[in-house]
DNA sequence: TCGCAACAGTTAGAGACTGTAACTCTTACG
DNA sequence: CGTAAGAGTTACAGTCTCTAACTGTTGCGA
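Chains as they are written, first to last, in UniProt numbering: chain A, 1 to 235; chain B, 1 to 235.
#1: Within this structure, are the beta carbons of residue 189 of chain A and residue 150 of chain A separated by less than 8 angstroms?
#2: Measure the Cβ-Cβ separation of residue 157 of chain B and residue 194 of chain A and say whether it is below 8 angstroms.
#3: At the level of alpha carbons, what is the spacing between residue 221 of chain A and residue 55 of chain A?
#4: Hey, is residue 122 of chain B's beta-carbon within less than 8 angstroms of any beta-carbon in chain A?
#5: So, are the CB atoms of residue 52 of chain A and residue 74 of chain A less than 8 angstroms apart?
#6: According to DSSP, is residue 207 of chain B part of a helix, a strand, or is it coil?
#7: Within the 8 angstroms Cβ cut-off, does residue 153 of chain A reach chain B?
#8: Taking Cβ-Cβ distances below 8 angstroms as the criterion, which residues of the region 44–62 of chain B are in contact with chain A?
#9: For residue 92 of chain A and residue 183 of chain A, which I take to be in contact (beta-carbon distance under 8 angstroms), what is that distance rounded to the nearest angstrom?
#10: In chain A, which residues lie less than 8 angstroms from residue 134 of chain B when you measure between Cβ atoms?
#11: Residue 129 of chain A to residue 179 of chain B, Cα distance in whole Å?
#12: By the criterion of Cβ-Cβ separation under 8 angstroms, what are the contact partners of residue 196 of chain A in chain B?
#13: Going by the CB atoms, is the gap between residue 227 of chain B and residue 153 of chain A shorter than 8 angstroms?
#14: Give the straight-line distance between the Cα atoms of residue 216 of chain B and residue 86 of chain A, rounded to the nearest whole angstrom.
#15: How about residue 115 of chain B and residue 67 of chain B: do their beta carbons lie closer than 8 angstroms?
#16: I'd like the list of long-range same chain contacts for residue 59 of chain A, defined as Cβ closer than 6 angstroms, with 5 residues on each side in sequence excluded.
#17: Closer than 6 angstroms by C-beta to residue 280 of chain A: which residues in its own chain qualify, once you throw out the five before and the five after it? Chain order, please.
#18: In or out: residue 11 of chain B buried (at least 16 other Cβ within 10 Å) or exposed?
#19: At the level of alpha carbons, what is the spacing between residue 113 of chain A and residue 205 of chain B?
#20: Between A/137, A/88, A/95, which lies nearest to residue 145 of chain A when the distance is taken from Cα to Cα?
#21: Which bits of chain A does residue 230 of chain B rub up against, with CB to CB less than 9 angstroms?
#22: Any idea what DSSP makes of residue 123 of chain B, helix, strand or coil?
#23: Flag this pair as yes or no: are the beta carbons of residue 159 of chain A and residue 165 of chain A separated by less than 8 angstroms?
#24: My understanding is that residue 186 of chain B touches residue 138 of chain B, with C-beta atoms under 8 angstroms, so please give their C-beta distance in whole angstroms.
#25: Cβ closer than 8 angstroms: which chain B residues qualify as neighbours of residue 157 of chain A?
#26: Taking C-alpha atoms, which residue in B/34, B/19, B/136, B/76 lies nearest to residue 175 of chain B?
#27: What did DSSP end up calling residue 213 of chain A once you bin it into helix, strand or coil?
#28: Which of the three DSSP states is assigned to residue 149 of chain A in this structure?
#29: Can you pull the chain B neighbours of residue 174 of chain A, defined as C-beta to C-beta under 8 angstroms?
#30: Which of helix, strand or coil does DSSP assign to residue 114 of chain A?
#31: Are there 16 or more other CB atoms within 10 angstroms of the CB of residue 15 of chain A, so buried, or fewer, so exposed?
#32: Any beta carbon from chain A within less than 8 angstroms of residue 38 of chain B's own beta carbon?
#33: If the cut-off is 8 angstroms on Cβ atoms, which residues from the region 162–173 of chain A count as contacting chain B, listed in chain order?
#34: Can you tell me the Cα-Cα spacing of residue 28 of chain A and residue 50 of chain A, whole angstroms?
#35: Would DSSP call residue 31 of chain A helix, strand or coil?
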């Protein structure tokens, strides 16, 4: 690996950065984004205030790093779930497994999920690599739709997605890494729809809007994913 | 109406509160929740700092008020859309119209939508009347599912919803106001699923995650709602 | 081996913000 | 018309981000 162990100084630096992030995550879990305060982190790590600016350009930079980490972590979780599937898993079961993996990650670390999905923090500091990160999460979903036959309801989406893949070479290349040629539109549409379903069901659950009702979460998401599989005629 | 004009003092008070909220909304639109600052509001309204605490107990109280207003506004928009439907509108068309109304409101005022759907602000200060507010938005969706036949995919959700309605009298009463008896489970399931679909598609669009792709938003939501109508066998 | 540049850390402080305390002026109303 | 409630004020304590200017340390090349 690159960057793991260079000079002793660089190693120490990485270690301190990691410690800062760890404390920031704890604060995030305890009080949301607003509770992440550099001064308090500094106190906890035994440094005095401005020293943290040696490690992060600003509070926003720290949060951005946290966001990137969360995306990577989620993508890894999804990837692990995909790898754990037995080879002859049907597309429907694959979909359910991947969706469950996303939800499990989100429920286990709600604050980190909210960090990803909520409005970033200040204005719209959408980092440019957000799209790539989303691709990392969504990639394993693509193959499930390779043999899908989109119903009339979602065919307009598939058409738009085909157009997108034709215009954007990077996207086309990404899709082609997961899916045989010819199925780009359907696969993309399926992935985006899956994303939207995940965002809806998990977002509601994680922001605690399912308090009164006998908590389902898993049931709701499973139902939506099952419907999605129906919509694409998956086996 | 009650509370419109009482004493001259009370009237002035209401006026000032309204002015404060107006400025707060502008700040919200310009820089997100973090940009709403009492001191700057005070400066703009011509008062000096702590005077605002005569009108709002705290910054959070102000934001909570903004959230309540946003919910009420959205519910009103949905209600208006429902009232505008011609009497013999089919359930599928009704669903599409209501969903489009929600999306239109959200796209017109993204910051207010994010205020509603995102993590409130600090921790989880979920106001107790959030559920009622959500009901106000969701109520008009219920009748669309009165004659619905949930598919196997969503039947587990309907079952859970039936159980919920049996346990929670307030919910049961609310549902019964919109839907004939016997259809509670299906109607509730449809409404919650619709909510989740809306949350997913609109949330992604409003947080700007659809940048690269040929912007759809409306297409995606329409497709999801159409699928939902399929799932419930709506005409 | 030594010198110095890059690095890690410090204190001091400016500026924005939330919220409290103590006080004064004004006005509605009994 | 006297007074209590309300609207507003200044002063201030405390938290936070971030900059400036300075000091101590370390590792690396000459």
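Virtual Cβ for every residue (Gly too), placed ideally from N, Cα, C.
For this structure:
#1: Position 189 of the first chain, counted from the first residue, corresponds to residue 189 of chain A. Position 150 of the first chain, counted from the first residue, corresponds to residue 150 of chain A. Closer than 8 angstroms, so yes.
#2: Residue mapping note: residue 157 of chain B aligns to position 157 of the second chain, counting from 1. Residue mapping note: residue 194 of chain A aligns to position 194 of the first chain, counting from 1. For residue 157 of chain B and residue 194 of chain A, no; Cβs fall outside 8 angstroms.
#3: Sequence index remark: in the first chain, residue 221 of chain A carries index 221 (1-based). Sequence index remark: in the first chain, residue 55 of chain A carries index 55 (1-based). Cα-Cα distance, rounded: 40 angstroms.
#4: The sequence position of residue 122 of chain B within the second chain is 122, counting from 1. Note that residue 122 of chain B has pLDDT 43, beneath the 50 cutoff, so the model's placement of it is unreliable and no number is given.
#5: By 1-based counting over the first chain, the position of residue 52 of chain A is 52. By 1-based counting over the first chain, the position of residue 74 of chain A is 74. Cβ distance not < 8 angstroms, so residue 52 of chain A and residue 74 of chain A don't count as in contact.
#6: Indexing the second chain from 1 puts residue 207 of chain B at position 207. Of the three classes helix, strand and coil, the one that applies to residue 207 of chain B here is coil, per DSSP.
#7: Along the first chain, one-based indexing puts residue 153 of chain A at 153. Taking Cβ atoms only, chain B reaches closer than 8 angstroms to residue 153 of chain A, which makes this a yes.
#8: If the cut-off is 8 angstroms between Cβ atoms, the region 44–62 of chain B has nothing near chain A.
#9: Here residue 92 of chain A refers to the residue found at position 92 of the first chain. Here residue 183 of chain A refers to the residue found at position 183 of the first chain. So it is not a contact: roughly 16 angstroms between Cβ atoms.
#10: Here residue 134 of chain B refers to the residue found at position 134 of the second chain. By Cβ distance, chain A contributes 209.
#11: Within the first chain, the letter at position 129 stands for residue 129 of chain A. Within the second chain, the letter at position 179 stands for residue 179 of chain B. Roughly 47 angstroms separates the two Cα atoms.
#12: Numbered from its first residue, the first chain carries residue 196 of chain A at position 196. By Cβ distance, chain B contributes 197, 200, 201, 204, 220, 224.
#13: On the first chain, position 153 is the one that residue 153 of chain A refers to. On the second chain, position 227 is the one that residue 227 of chain B refers to. Closer than 8 angstroms, so yes.
#14: For the purposes of this step, residue 216 of chain B is taken as the residue at position 216 of the second chain. For the purposes of this step, residue 86 of chain A is taken as the residue at position 86 of the first chain. Between residue 216 of chain B and residue 86 of chain A, the C-alpha separation is close to 36 angstroms.
#15: For the purposes of this step, residue 115 of chain B is taken as residue 115 along the second chain, with counting starting at 1. For the purposes of this step, residue 67 of chain B is taken as residue 67 along the second chain, with counting starting at 1. Yes, the Cβ-Cβ distance between residue 115 of chain B and residue 67 of chain B is below 8 angstroms.
#16: For the purposes of this step, residue 59 of chain A is identified with residue 59 of the first chain, where counting begins at 1. Closer than 6 angstroms at the Cβ level, and outside the excluded window around residue 59 of chain A, lie 38.
#17: In the structure as shown, chain A begins at 1 and stops at 235. Residue 280 of chain A is therefore absent and cannot be evaluated.
#18: Counting from one through the second chain, the residue named residue 11 of chain B turns up at place 11. By the Cβ-count criterion, residue 11 of chain B is exposed, with fewer than 16 other Cβ atoms from all chains shown falling within 10 Å of its own Cβ.
#19: Residue numbering aside, residue 113 of chain A sits at position 113 when the first chain is read from its first letter. Residue numbering aside, residue 205 of chain B sits at position 205 when the second chain is read from its first letter. In a straight line, the C-alpha of residue 113 of chain A is about 17 angstroms away from that of residue 205 of chain B.
#20: Here residue 145 of chain A is taken as the residue at index 145 of the first chain, counted from 1. Ranking the options by Cα distance to residue 145 of chain A, first place goes to A/95.
#21: What you label residue 230 of chain B is simply residue 230 of the second chain in a count that begins at 1. Here the neighbours are 151, 152, 153, 227, 230, 231.
#22: Locating residue 123 of chain B in the second chain gives position 123, where the first residue counts as 1. Residue placement at residue 123 of chain B is poorly supported in this model, since its pLDDT is 45, which falls under 50; the coordinates still yield a value, given next. Of the three classes helix, strand and coil, the one that applies to residue 123 of chain B here is coil, per DSSP.
#23: Working through the first chain from its first residue, we reach residue 159 of chain A at position 159. Working through the first chain from its first residue, we reach residue 165 of chain A at position 165. No. Outside cutoff.
#24: Mapped onto the second chain, residue 186 of chain B falls at position 186. Mapped onto the second chain, residue 138 of chain B falls at position 138. Actually they are not in contact, since the Cβ atoms of residue 186 of chain B and residue 138 of chain B sit about 14 angstroms apart, beyond 8 angstroms.
#25: Looking up residue 157 of chain A in the first chain gives position 157. Within 8 angstroms Cβ-Cβ: 216, 219, 220, 223.
#26: Numbered from 1 along the second chain, position 175 holds the residue referred to as residue 175 of chain B. Residue 175 of chain B has its Cα closest to that of B/136, out of B/34, B/19, B/136, B/76.
#27: Counting from 1 along the first chain, the entry for residue 213 of chain A is found at position 213. Three-state result, residue 213 of chain A: coil.
#28: Counting from one through the first chain, the residue named residue 149 of chain A turns up at place 149. Coil at residue 149 of chain A, not helix or strand.
#29: Taking the first residue of the first chain as position 1, residue 174 of chain A is located at position 174. In chain order: nothing, as chain B lies at least about 11 angstroms away.
#30: Translated into the one-based positions of the first chain, residue 114 of chain A becomes position 114. Helix at residue 114 of chain A.
#31: Here residue 15 of chain A refers to the residue found at position 15 of the first chain. Per the 10 Å Cβ criterion, exposed.
#32: For the purposes of this step, residue 38 of chain B is identified with residue 38 of the second chain, where counting begins at 1. It does not: the Cβ of residue 38 of chain B has no partner Cβ on chain A nearer than 8 angstroms.
#33: 163, 164, 167, 168, 171
#34: As a working mapping, residue 28 of chain A is identified with position 28 in the first chain. As a working mapping, residue 50 of chain A is identified with position 50 in the first chain. Between residue 28 of chain A and residue 50 of chain A, the C-alpha separation is close to 20 angstroms.
#35: As a position in the first chain, residue 31 of chain A is number 31, starting the count at 1. Note: residue 31 of chain A maps to helix in three-state DSSP.
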